[in-house]
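Reviewing the structure listed below.
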Amino acid sequence: MSDLETFRAETRAWLEANCPPEMREPARGEEDIFWGGRNATFQSEAQKAWFEACVAKGYTVPAWPKEYGGAGLNAAEAKVLREEMNRISARPPLSSFGIWMLGPALLHFGTEGQKKRFLSEIARGEIRWCQGYSEPGSGSDLVSMQTFGEDRGDHWVVNGQKIWTSYADKCDWIFCLVRTDKGNKYQGITFMLFDMRTPGVTTKPIKLISGNSPFCETFFDNVAVPKSYGEDVPGFVGEINRGWDVAKYLLGHEREMISGAGGGDRTAGIGAAMLRHAGEIDPLLRAELALFDVDALAYTAMGEKFLDEIKVGKAHPAQPNMMKYVGTELNKRRHELMMSAGGSRSLEWDSEETRGGKPARDWLRTKANSIEGGTSEVMLNVISKRILDLPGA
Amino acid sequence: MALYHNDDQAMLAETASQFMAEEGSIGKQLRHWRDRECKDGFGHALWKQMAEMGFTGILVGEEDGGMGMGHVEAGIVLEEIGRNLTPSPFLTSAVLAATALKHGSADLKGRYLPGLLSGDSVFAVAIDEGAKHRPERIRTRAEKSGNGFRLSGQKDFVIHGASADMLVVAARTSGSDDDADGITLFAVPRDAAGMSHDAVRLVDSSMATHTRFDSVELDGDAVIGEVDGGREVLGAVLMAGRIGAAAEGVGVASGAMDMTVDYLKQRKQFGKLIGEFQALQHRAAHLYSEVEIARAITIKAAQLLDGGSERADLMTSVAKAKVSKAASLAVKEGVQMHGGIGMTDEYDVGLYMKRDRALQEFLGDLYYHADRVAKLSGY
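Protein chains in written order, with this note's numbering: chain B, -6 to 386; chain Z, 1244 to 1622.
Next comes the structure, spelled out in structure tokens:
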């Protein structure tokens, strides 16, 4: 047996022993997802047991090094773990912007001290992070942001406002883009880290068309952000005034993440489900579903090709923009079709059958896919400039 | 298997790319033969050259003197054929007929494969009976007669039918028109008595025939595979042809897109390069995305086919459908973005539109394959 086959057998046995049956079905709704943090509460004993088993094994962040709370798996092993978890439909034990976004940035740009402290906290689900990027007026044109940090020697005094801060009202710390040099558009931004309990930080949830409030407005009123949290633990990532490099790196990760959200073969197959449930499909809807499946299955192959090419450095650096553009547009289309397939039932806003209006709320939520993390229009700009090398601006 | 070319495939791609760009270029081949109203629609000299390069034997087993390669490799050659709009019998002979002959007797292989490998022979495949691809229904009949069969009926839009030394014909040996069973494939030599070809030139300057079989007498050894059991062989032939047509379509789409993007960088209007206009940039970027995705699913399907995966049939239809969408977008945007010059015969972009239209219909269009995707997905 090869090492990888041994690993697969061990993983399968470990999952069998440690993943409770309740954690082997999809989350029923937003409140069913475990995000960790100082105020975290578990929805069930099963959720707690599954989370704790994963923390002990390093499986909340399997590919991170062991000294930072991960399991130190290589790419092939991480893939095996993913496949084995998918096989039993195991839920992610912990969802976190720390894992998806800050973690990769710290692994790439962080000091040893930052990695030891912050990565370990993230891996153990102790600190829940939010992302302070967008501002009113600075959405897709992110670099025009105005939130300003005035240099006071050992700290900055930060004033300004962020918007679309995901779960800011529930988060413990923020990774935040702050302008520290007004004279330089790109090289005048610092990537700061600070506690949301710092005096002067307030948040206000924004209610969305889905009825949910996953986003907040976040206000900074004379917030003192230390330049250091101890030896080798700076209060910022990368260099002062060079936070745009970190932000750009992170946006690449975010785009990959969003584009992956609706991917996989699971995007296909609405038609088969509808036929099972309703017994018939309107011929024109069937045609739309078939044309959608063509696009979705082809996009799945593109996703595979993209990952294969990343591994060997063949992918164009702007390729994530294409994946994001197509993936999010497809996901919107998928939810439109699911609404049609569900008919009037999918209109129900709070019934038990719809698990609290999940189809309608999810459908409305997808409309943000092609806005957040850079709009589809911005993605098309990037493709035309950086891949097709078209002239202008 | 990774979804990009390995070193050997990358080398083949480079060789094929260089060869088609030099020897198979639009000026040297498509326009040359078209302007002479060539009755074959392609040049036999180039076909011989393709044989010398080893291309014609890509799908022929090594034991039969071929290269013993797969559909990924055939696709590499076809993408370059598509990019240069090179007219040749590669798809019909080296892909479709070669796949059929894999299921043929040693006798049949011995009779036909040497001609394919040397580029002396051209083959056609006669499946369709009518203007739309519908291989589920076969009306052409072959009745037992002595030691062999007597073939009667008509096949339509047989590509290269009049130039072919041999036609692979799908006929019904039992059952009724729509039955899955009762199909038999035959290798019908060009000189068989009772065969007549009504040749038509198509929009892309290729030649097709309406071929009539009027009590054509065939020996028993003309049968490819099993009598009445031809559906499986036909399925293999169709899959090979469809993934091949998809690969050629990717080349057609890329060729049209590259021309168009270049043009956006050169053409000025209102004192600006038209590529500076965001309306055109976004359409070009969308087109790029569609073509890249079409290329990805085409490689994926070819790999599945080469690996004998049970998902190959579904993914081949996904590929044919996706390429149809992407290539049709590429040629339409190509002509539109070129403006008036795109409507002239002198300029090449319109030729891509014509070839794409013909490829769309060949072995099933977008709607045919999207319908198959639905059926194979259970609805």
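Every residue, glycine too, gets a C-beta built ideally from N, C-alpha and C.
Identify which residue in the options has its Cα closest to the Cα of residue i.
i, options, result
"Z/Gly1300", "Z/Ile1269, Z/Ser1268 and Z/Leu1339", "Z/Leu1339"
"Z/Glu1576", "Z/Ser1567, Z/Ile1517 and Z/Ala1499", "Z/Ala1499"
"Z/Glu1475", "Z/Ala1489, Z/Glu1535 and Z/Lys1345", "Z/Lys1345"
"Z/Glu1386", "Z/Ala1613, Z/Ser1458 and Z/Glu1469", "Z/Ser1458"
"Z/Ala1573", "Z/Leu1548, Z/Met1596 and Z/Ile1467", "Z/Met1596"
"B/Gly51", "B/Glu370, B/Glu114 and B/Gly245", "B/Glu114"
"B/Pro310", "B/Val375, B/Leu186, B/Phe44 and B/Glu210", "B/Val375"
"B/Ser(-5)", "B/Lys41, B/Glu70, B/Phe35 and B/Ala6", "B/Glu70"
"B/Trp237", "B/Glu15, B/Arg84 and B/Tyr126", "B/Tyr126"
"Z/Asp1399", "Z/Gln1546, Z/Asp1421 and Z/Ala1367", "Z/Ala1367"
"B/Arg17", "B/Glu9, B/Gly336 and B/Asp288", "B/Glu9"
"B/Tyr61", "B/Ala46, B/Thr104, B/Gly29 and B/Gln124", "B/Thr104"
"B/Glu281", "B/Lys317, B/Leu100 and B/Met331", "B/Met331"
"Z/Ala1442", "Z/His1529, Z/Leu1302, Z/His1453 and Z/Leu1334", "Z/His1453"
"B/Leu(-3)", "B/Gly29, B/Asn67 and B/Thr34", "B/Asn67"
"B/Lys197", "B/Phe184, B/Ala265, B/Val226 and B/Ala161", "B/Ala161"
Kindly say whether residue i, judged by its beta-carbon, lies nearer than 8 angstroms to any beta-carbon of chain Z.
i, result
"B/Leu373", "yes"
"B/Gly253", "For B/Gly253, the predicted model reports a pLDDT of 49, less than 50, meaning its position is unreliable and no value from the coordinates is stated."
"B/Gly257", "Because the pLDDT at B/Gly257 is just 43, under 50, the model does not fix this residue reliably, and the value given afterwards should be weighed accordingly. It does not: the Cβ of B/Gly257 has no partner Cβ on chain Z nearer than 8 angstroms."
"B/Pro384", "yes"
"B/Gly367", "no"
"B/Leu100", "no"
"B/Ser377", "yes"
"B/Leu381", "yes"
"B/Leu290", "yes"
"B/Ser127", "no"
"B/Ala68", "no"
"B/Leu74", "no"
Please classify residue i: does DSSP put it in a helix, a strand, or coil?
i, result
"Z/Val1368", "strand"
"Z/Glu1379", "coil"
"Z/Val1470", "coil"
"Z/Asn1390", "coil"
"B/Val427", "Residue 427 of chain B is absent from the structure shown; chain B starts at -6 and stops at 386."
"B/Ala217", "strand"
"B/Ser137", "helix"
"Z/His1440", "strand"
"B/Gly255", "Residue placement at B/Gly255 is flagged as unreliable, the pLDDT there being 46, under the threshold of 50; a coordinate-derived value is accordingly withheld."
"B/Asn374", "helix"
"B/Leu300", "helix"
"Z/Gly1318", "helix"
"B/Val305", "coil"
"B/Ile81", "coil"
"Z/Lys1618", "helix"
Given a cut-off of 8 angstroms on the beta-carbon distance, is the pair residue i and residue j in contact?
i, j, result
"B/Thr140", "B/Val171", "yes"
"B/Glu128", "B/Lys155", "yes"
"Z/Thr1383", "Z/Gly1396", "yes"
"B/Thr173", "B/Asp214", "no"
"Z/Leu1246", "B/Glu297", "yes"
"Z/Ala1569", "B/Leu381", "no"
"B/Arg110", "B/Val48", "no"
"Z/Leu1594", "Z/Leu1321", "no"
"B/Arg338", "B/Phe285", "no"
"B/Ala20", "B/Arg84", "yes"
"B/Ala56", "B/Tyr242", "no"
"Z/Ala1617", "B/Arg279", "yes"
Compare the C-beta of residue i against all C-beta atoms of chain B and say whether one is closer than 8 angstroms.
i, result
"Z/Gly1313", "no"
"Z/Leu1628", "With chain Z covering 1244 to 1622 only, the question about residue 1628 of chain Z has no answer from this structure."
"Z/Tyr1531", "yes"
"Z/Val1466", "no"
"Z/His1581", "no"
"Z/Ala1527", "yes"
"Z/Val1495", "no"
"Z/Ile1324", "no"
Chain-ordered residues of the stretch 274 to 288 of chain B with a beta carbon less than 8 angstroms from chain Z: Ile274, Arg279, Ala280, Leu282, Ala283, Leu284, Asp286, Val287 and Asp288
Select from the stretch 1259 to 1275 of chain Z all residues with a C-beta closer than 9 angstroms to any C-beta belonging to chain B, and list them in chain order. none
Just by C-beta distance, which residues in the stretch 1607 to 1620 of chain Z are closer than 7 angstroms to chain B? Ala1613, Asp1614, Val1616, Ala1617 and Ser1620
Relative to chain Z, which residues along the stretch 293 to 307 of chain B have a C-beta separation below 7 angstroms, given in chain order? Ala294, Met295, Glu297, Lys298, Asp301, Glu302 and Lys307
Residues in the stretch 318 to 340 of chain B having any Cβ partner in chain Z nearer than 8 angstroms: Tyr318 and Val319
Interface positions of the stretch 1506 to 1521 of chain Z facing chain A (Cβ-Cβ less than 9 angstroms), listed along the chain: Included in the structure are the protein chains B and Z, with no chain A among them.
Interfacial residues, the stretch 342 to 371 of chain B to chain Z, with Cβ spacing under 8 angstroms: Glu370
Residues of the stretch 138 to 159 of chain B whose Cβ lies closer than 9 angstroms to any Cβ of chain Z, in chain order: none
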